[in-house]
Amino acid sequence: MSEYLPEGKLLNTAENQRILHSEKLLRDAVAAQTILEARAMLCDASHNLCVDLGPIRGVIPREEGALGMRDGSVRDIAVISRVNRPVCFTVSKIITDENGRLCAILSRANAQRLCLENYISHLAKGDVVPARVTHLESFGAFADIGCGIAALLPIDAISVSRIEHPKERFETGEDIRAVIKSIENGRISLSHKELLGTWEQNAAAFSAGETVAGIVRSVENYGAFVELTPNLAGLAESREGVRVGQQASVFIKSIIPEKMKIKLIIIDTFDCRYRPSQPVYFTEERHIDRFLYSPVGCKKVIETVF
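Counting from 292, one number per residue, gives the positions in the sequence shown under the working numbering.
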């Protein structure tokens, strides 16, 4: 368990469960500063988290609920919102409480501190990391990149095809991969579109003459842009009644790599909201320096340099 993973990833692992259900192994975890995970069952009136450790009662004192709680830079909602969710922690000590029961004093803040020192501080632009979507806002998605430490994935970095809200791509709690876009003053910004394939890689799944599914993403006076994949859209001829967000069936008229264009004809559109599909990634690399989206030979060059 040497990796610093998003909260929830360790919870049901065999090693984590083995330690949680053994008083001896929990005591060993004190000196080793082993990062463990369990579910927070309740938050008391003093904002201490009570954690389910099986045979032993576990408590995360309010000031140990997250980095920044002690100095007031993080609000209490960071602790309260963890109720009924997995929390990571290290074991500070095991004591006997006033009722004669064993009680483990835990620290989520220390787990986050270890994650920052041993993992996040070593990340660089272009590194590809596992992440878990924690919540969605109109401007982007927040994702846990390790021990509950969140980074922002701006909406325009989610995919090449534009969307109105991140909920069109992700669901809260979803595991994704992301690229470190920038690190400034301790704040980390992520990107995602570079992992979803180039124009050519996406266009290879389609052929002229096919009728395929799509989503209307933009309606202009000269036509409608229809998304075929998150990183690929084509321009369809104007059609009355077409609205942004509609599902569409489109006929592929032509695919022109040298112009990076796909010409479409809308066969039909209808209103229906599907759940976001799991992202399809085109690379397993753990670091990328450059992503060239546009086809070789295309006059328009779209690329990301990390």
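All residues carry an ideal CB built from backbone N, CA and C; glycine is no exception.
Bear in mind that the values here come from a model prediction, so they are computed numbers and not experimental data.
First through last residue of the beta strand (DSSP E) which encompasses residue i
i, result
"Q538", "Q538 to I547"
"D343", "L340 to D343"
"A495", "Counting along the chain, A495 falls outside any beta strand (DSSP E), and DSSP gives it neither H nor E."
"C379", "P377 to T387"
"E475", "D466 to E475"
"R399", "Element bounds for R399: not the beta strand (DSSP E) but the alpha helix (DSSP H), R399 to N409."
"I558", "K552 to F561"
Cβ shell of residue i (< 7 Å), same chain only, five flanking positions each side left out
i, result
"K384", "V321 and I396"
"S297", "The sequence shown places Pro at residue 297, not Ser. Cβ within range, chain order: P421, A422, R423, D435, I436 and G437."
"F582", "E485, E594 and T595"
"D562", "Q537"
"T574", "L486"
Residue i vs residue j beta-carbon contact at 9 Å
i, j, result
"I593", "V365", "no"
"L302", "P377", "yes"
"G439", "R399", "yes"
"I557", "V533", "yes"
"L519", "F497", "yes"
"Y572", "T489", "no"
"I471", "V517", "no"
"L340", "V370", "yes"
"L327", "I310", "yes"
"I543", "A499", "yes"
"I479", "L427", "no"
Between the CA atoms of residue j and residue i - distance to the nearest angstrom
i, j, result
"I467", "P570", "7 Å"
"I368", "H338", "9 Å"
"R453", "D343", "42 Å"
"A329", "H483", "29 Å"
"S293", "G391", "The predicted position of S293 is uncertain, since its pLDDT is 46 and thus under 50; a value taken from the coordinates is nonetheless stated next. Cα to Cα, the separation comes out at about 34 Å."
"T463", "T425", "5 Å"
"A402", "D388", "24 Å"
"D362", "E355", "11 Å"
"I547", "V587", "12 Å"
"T325", "A357", "17 Å"
"P457", "S568", "12 Å"
"A494", "T304", "39 Å"
"A393", "I386", "In the sequence as displayed, the identity of residue 393 is Leu instead of Ala. So the two alpha carbons sit approximately 6 Å from each other."
"G345", "E465", "27 Å"
Residues of its chain near residue i, where Cβ-Cβ distance is below 6 Å and the 5 sequence neighbours each way are ignored
i, result
"G349", "V342, A395 and L397"
"L481", "A442, L444, A469 and K472"
Residues of its chain near residue i, where Cβ-Cβ distance is below 8 Å and the 5 sequence neighbours each way are ignored
i, result
"D559", "A539 and S540"
Residue i: first and last residue of the uninterrupted alpha helix (DSSP H) it sits in
i, result
"I310", "A305 to L311"
"E314", "E314 to A323"
Quiz prompt | Any 3 or more C-beta pairs closer than 8 Å across the region 468-475 and the region 502-517 | solution = No, they do not touch.
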